[in-house]
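*Asks:* In terms of my numbering, the sequence shown is residues 1 to 681.
Backbone N, C-alpha and C define an ideal beta-carbon position, used for all residues, glycine too.
Note that the structure is predicted; figures quoted are calculated from it, not measured.
Dumping the structure here so I can ask a few things about it.
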Amino acid sequence: MEPLRVNNDREFEPPDFSFQDHGVDLRLYDPSRVSSRDRRSSQYSVTDSLLSTPNRPESWQQVSSLSSSSTAQSTNLNLPAQPLQNTNPSMTNQPIDTVIWKINWQQPTFMCSMLICGLILAIGHHVYYISLSGSPAGDATRQAWSIRFGTAFAFLVVACFKAITVSALGQYLWSVVRSKGLKISDLDRLFALTSNPISIFSVSVIKNASLAALLGTIFWTMDFVSFAPAATLSVVPVNITISVPIPVLNGTKVLLDTQSPKAVVDTRISEKIAQKSASLADVVPLDFSIAPQIWSYNMQFFGLTLKCREAKSTEQAIFDQLVHDREELSVFVVPQINDSIWNNTMSESDPKLRYLLLYLSLRTVALYDSSSLFELYVNKSTAYHIFVQSSTSSIVCTAMNASISVTIASVYGNQEITQHSTQYLNEIPLCDGSPSCLVDFYQFSNLEEVLQGNITLRTGVAKAGTYGYDLVPVLIDNPLLRLFTACDDVQASPFGSLFSPSSSSPRPIEDIFKIEPWQCRNRTFMRAIEDLSINITIGYLGSPNLTSSITEYANITTSDTRNIYVYHPLYLVLSYSIGFFLASLCGAIGLYSMHVNGVSHSNSFSAIMLTTRNPDLDILARGKSLGSDPLSKSIKNTKLRFGPLLSQQAPEKIGSDESPRHVAFGFEGNVDELKKGGKYI
């Protein structure tokens, strides 16, 4: 037979294939008489002899093809113990291809870029919602698009974070299979962690690869990150706010009001407002023309008010002098029960009518009529005061500058003013005649005018020879003082004990002083006087003759509503922060695994194909080459490990410890440790 010749162009004559020339004994056997062990030995021999030689030329491939064809025709090849001898000298010295230890830039770049993209999208979602917050929500179409965009942001953020988790898990899995042998069933669960959520609950997976189970759990729970962010933007109706000029008390106009010719003949405008406020026991309605039927606004302004307190011991002399001056009058006013005046004047032999004092207040000008009071008050006082005597106490009210905070509201034309706080700043000094202080003086005079007068009850002889007390019509010399008849200072006066109750009148004093809801809403003289002074000052703002309305503006909340976006960033920031932290943790695990492995792995089909080139696995896979479920127990329980195979070496390096070994999945006992940077094929 003509020997085989290999031309330079890799073409050769169709060989007269003779197994005798290659030391091969070709024998035909009855398939039924050939044992499975002999068949495996024959297959190993062919595989080791023909497939282990690297870079075989095309002619050797044809030989292998012929050999396989003959085997398929129930032909058994018994190979000698020594390897096949290559008749081509040029092929014996060809170098062996070894693995390349290199981390490809694509995997690290992918993980880092996905992390950055997820962070940018999360920030973009936050900025987008901030831009919408407070803006009109518009119609249903606009609201729907904002929801769509928010959902898209949340979906993309989670997609980026999950992509990092999948990539990191893929790198870490190869670290696991290199370090220990695992059952094929466990390998199935590990490689299915991102496709089958049941795998994360496997006890064997948690035991042998707990970190991989954690990464799988993070992957499946990462979707929860998208639940809260989309709901942080909501649409709520809010009242429309209008900016309008608010009135401010103008001192010049107040002064002109008091000095105008009309004020000399007629009552001043400010005085009319004070009297009307006292009669209403409320603020005179302010003249604001605003289109909506319901509106309100908060306001803080400065003005003159009264601050009341109990008289000091040094001031009590003024009240004593007032009572002493009244003793000389033919009609005496009794200030208190069982005092020295009472005991000296109230007797059966005294025929005079007596008036029981419940309230008394005099204007300051009345103090000038008495030389004794002039010495006690005018020469010693540095501020404006109003003195009020009741049956139980002596009260001093001082004119003060105050900062007043109120809410002014209107409900279908009914104005409501609510006082929130009053901060007293300083006492108003007595006027020295300058125009600036005259404004305070005239405002104080309005308060005096409203508060002056008395409220008394008259007593007398019931019948001749018998002394007793009868309630007669009450004397109120100022109708505006009816505001105070419901106060506790009147209703709980000690004078009420002088009159016996009856079945028809259990509280005789209450029959005379009827209690109305609008009267004395703060229950005491002191608080009622302070409340009235504030109402009068607020009422000045309702007159354009006393105010200016071009200097200050206020935001008035109306009843008209519109829908706006409201953004609550807490749950968006919290959700994305948790997702970013978990994705960063997974990315760090993946990058570290690549560093330890020395290469960037893949879970693609090509990676599985290249790492399972092992005759042992070929035998194990007999009858299961379709990859169908379920696997037999013998296969499931077989432990595999990834590393250099102990039984596979390059043919020309057999017997040498330095010869490169093939790396693949193999039986746990047939696989050595894979060392980073080692020389493998």
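Could you work out which residue in V254, D282, T194 and V158 is closest to Q443 when comparing CA atoms only?
*Replies:* If you number the sequence shown from 1, residue 443 lands on position 443. With distances taken between Cα atoms, Q443 lies closest to V254.
*Asks:* Secondary structure at P651, three-state DSSP: helix, strand or coil?
*Replies:* To locate residue 651, count along the sequence shown from 1; it is residue 651. Because the pLDDT at P651 is just 45, under 50, the model does not fix this residue reliably, and the point stays unresolved.
*Asks:* Rounded to whole angstroms, what is the Cα-Cα separation between I246 and N563?
*Replies:* What you label residue 246 is simply residue 246 of the sequence shown in a count that begins at 1. What you label residue 563 is simply residue 563 of the sequence shown in a count that begins at 1. One C-alpha to the other measures close to 27 angstroms.
*Asks:* What are the complete alpha helix (DSSP H) segments, minimum 4 residues, inside the stretch 513 to 596?
*Replies:* Complete alpha helix (DSSP H) runs here, min 4: 525 to 540.
*Asks:* Between the Cα of Y129 and those of S584, N414 and P569, spot the shortest distance and give me the residue it belongs to.
*Replies:* As a first step, residue 129 is located in the sequence shown; it is residue number 129 there, counting from the start. Per the Cα distances, P569.
*Asks:* Exposed or buried, which one is L610 when buried takes at least 16 other CB atoms within 10 Å?
*Replies:* For the purposes of this step, residue 610 is taken as the residue at position 610 of the sequence shown. Burial call: exposed.
*Asks:* Between the beta-carbon of Y424 and the beta-carbon of A402, is there less than 8 angstroms?
*Replies:* In the sequence shown, the residue the question calls residue 424 occupies position 424. In the sequence shown, the residue the question calls residue 402 occupies position 402. Yes, Cβ-Cβ distance for Y424 and A402 is below 8 angstroms.
*Asks:* Which parts of the stretch 394 to 453 are runs of the beta strand (DSSP E), unbroken and 3 residues or longer, counting only runs that do not cross its ends?
*Replies:* Taking only runs of at least 3 residues, the beta strand (DSSP E) segments lying wholly in the stretch 394 to 453 are 394 to 411 and 414 to 427.
*Asks:* Give, in chain order, every unbroken run of the beta strand (DSSP E) that is at least 3 residues long and sits entirely within the stretch 187 to 221.
*Replies:* The qualifying runs do not exist here; there are none.
*Asks:* With respect to the beta strand (DSSP E) encompassing G666, which residues constitute its N-terminal and C-terminal limits?
*Replies:* Here the question's residue 666 lines up with position 666 in the sequence shown. R661 to F667 is the extent of the beta strand (DSSP E) around G666.
*Asks:* Between V283, L215 and I556, which lies nearest to L744 when the distance is taken from Cα to Cα?
*Replies:* Residue 744 is absent from the structure shown; the chain starts at 1 and stops at 681.
*Asks:* For the candidate residues P435, S410, D489 and A399, whose alpha-carbon lies nearest to that of N426?
*Replies:* Position 426 of the sequence shown, counting from 1, holds the residue named residue 426. Checked all of P435, S410, D489 and A399; the closest Cα to N426 is A399.
*Asks:* Once the 5 residues before and after C160 are set aside, which same chain residues still bring their CB inside 6 angstroms of it?
*Replies:* Residue 160 sits at position 160 when you count from the first residue of the sequence shown. So the list reads M114, C117 and G118, once near-sequence residues are dropped.
*Asks:* Looking at L249 and L541, is the spacing between their C-beta atoms short of 8 angstroms?
*Replies:* As a working mapping, residue 541 is identified with position 541 in the sequence shown. As a working mapping, residue 249 is identified with position 249 in the sequence shown. Yes. Within cutoff.
*Asks:* Determine the closest residue to F642 out of S202, F224, L451 and L182, with distance taken between C-alpha atoms.
*Replies:* For the purposes of this step, residue 642 is taken as residue 642 along the sequence shown, with counting starting at 1. Checked all of S202, F224, L451 and L182; the closest Cα to F642 is L182.
*Asks:* Could you give the DSSP three-state label for Q300: helix, strand or coil?
*Replies:* Position 300 of the sequence shown holds residue 300. Q300: strand per DSSP, three-state reduction.
*Asks:* Would D127 be called buried (16 or more neighbouring beta carbons within 10 Å of its own) or exposed?
*Replies:* Here the question's residue 127 lines up with position 127 in the sequence shown. Note on residue identity: the sequence assigns Val, not Asp, to residue 127. V127 comes out exposed.
*Asks:* Looking only at its own chain, which residues have a Cβ that is under 6 angstroms from the Cβ of Q107, when we skip the five neighbours before and after it?
*Replies:* Reading the sequence shown from its first residue, position 107 is the one you call residue 107. Taken in chain order, the residues that qualify are S600.
*Asks:* Which residue's Cα is closest to the Cα of S202: S195, P517, R189 and V596?
*Replies:* Position 202 of the sequence shown holds residue 202. The shortest C-alpha separation from S202 is found at R189.
*Asks:* Can you tell which of G496, V244, A492 and L457 has its C-alpha closest to the C-alpha of D477?
*Replies:* The residue given as residue 477 occupies position 477 in the sequence shown. That would be L457, whose Cα lies nearest to the Cα of D477.
*Asks:* What number of angstroms, rounded off, separates the C-alpha of V177 from the C-alpha of A122?
*Replies:* For the purposes of this step, residue 177 is taken as the residue at position 177 of the sequence shown. For the purposes of this step, residue 122 is taken as the residue at position 122 of the sequence shown. About 35 angstroms.
*Asks:* Would you tell me roughly how many angstroms separate the C-alpha atoms of S199 and V205, rounded to the nearest one?
*Replies:* Position 199 of the sequence shown, counting from 1, holds the residue named residue 199. Position 205 of the sequence shown, counting from 1, holds the residue named residue 205. Taking the straight line joining both Cα atoms gives about 8 angstroms.
*Asks:* Give me the Cα-Cα distance between W105 and G590, rounded to the nearest whole angstrom.
*Replies:* Here residue 105 corresponds to residue number 105 of the sequence shown, with the count starting at 1. Here residue 590 corresponds to residue number 590 of the sequence shown, with the count starting at 1. If you take the alpha carbons of W105 and G590, they lie about 13 angstroms apart.
*Asks:* Is it true that the CB of N535 sits closer than 8 angstroms to the CB of S277?
*Replies:* On the sequence shown, position 277 is the one that residue 277 refers to. On the sequence shown, position 535 is the one that residue 535 refers to. Cβ atoms of S277 and N535: closer than 8 angstroms.
*Asks:* With L617 as the anchor, note down where its alpha helix (DSSP H) starts and where it stops.
*Replies:* Here the question's residue 617 lines up with position 617 in the sequence shown. Start and end: P615 to L620.
*Asks:* On a CA-only basis, which of S234, V333, T232 and T392 is nearest A311? Give me that one, please.
*Replies:* One-based indexing of the sequence shown puts residue 311 at position 311. For the residues S234, V333, T232 and T392, the minimum Cα distance to A311 belongs to T392.
*Asks:* Where DSSP assigns a beta bridge to R142, which residues make up the other side?
*Replies:* By one-based count along the sequence shown, residue 142 stands at place 142. Per DSSP, none; premise fails for R142.
*Asks:* So, do the stretch 481 to 488 and the stretch 512 to 527 have three or more beta carbon pairs nearer to each other than 8 angstroms?
*Replies:* Counting Cβ pairs under 8 angstroms, three or more are found: they touch.
*Asks:* Give me the residue from I619, N196, L233 and L173 with the minimum Cα distance to N706.
*Replies:* In the structure as shown, the chain starts at 1 and stops at 681, and residue 706 therefore has no counterpart that could be examined.
*Asks:* Using three-state DSSP, classify A486 as helix, strand or coil.
*Replies:* Taking the first residue of the sequence shown as position 1, residue 486 is located at position 486. DSSP places A486 in coil when its eight states are reduced to three.
*Asks:* According to DSSP, is W174 helix, strand or coil?
*Replies:* For the purposes of this step, residue 174 is taken as the residue at position 174 of the sequence shown. Of the three classes helix, strand and coil, the one that applies to W174 here is helix, per DSSP.
*Asks:* Under 6 angstroms Cβ to Cβ from S533, same chain only, skipping five residues before and after it: list those, please.
*Replies:* Walking along the sequence shown from the start, residue 533 turns up at place 533. The residues are T305, L306 and L447.
*Asks:* Just the Cα atoms here: how many angstroms apart are R268 and N555?
*Replies:* On the sequence shown, position 268 is the one that residue 268 refers to. On the sequence shown, position 555 is the one that residue 555 refers to. Answer to the nearest angstrom: the Cα atoms are 32 angstroms apart.
*Asks:* Restricting to Cα atoms, I'd like to know which of T558, F224, R309 and P197 is closest to A213.
*Replies:* Looking up residue 213 in the sequence shown gives position 213. The candidate whose alpha carbon is nearest that of A213 is P197.
*Asks:* At the level of alpha carbons, what is the spacing between C437 and L256?
*Replies:* Indexing the sequence shown from 1 puts residue 437 at position 437. Indexing the sequence shown from 1 puts residue 256 at position 256. Going by the C-alpha atoms only, they are around 13 angstroms apart.
*Asks:* Looking only at its chain, what residues have a beta carbon closer than 7 angstroms to the beta carbon of V663, apart from the 5 residues adjacent to it on each side?
*Replies:* Locating residue 663 in the sequence shown gives position 663, where the first residue counts as 1. So the qualifying residues of the chain are V99, G643, P644, L674 and Y680.
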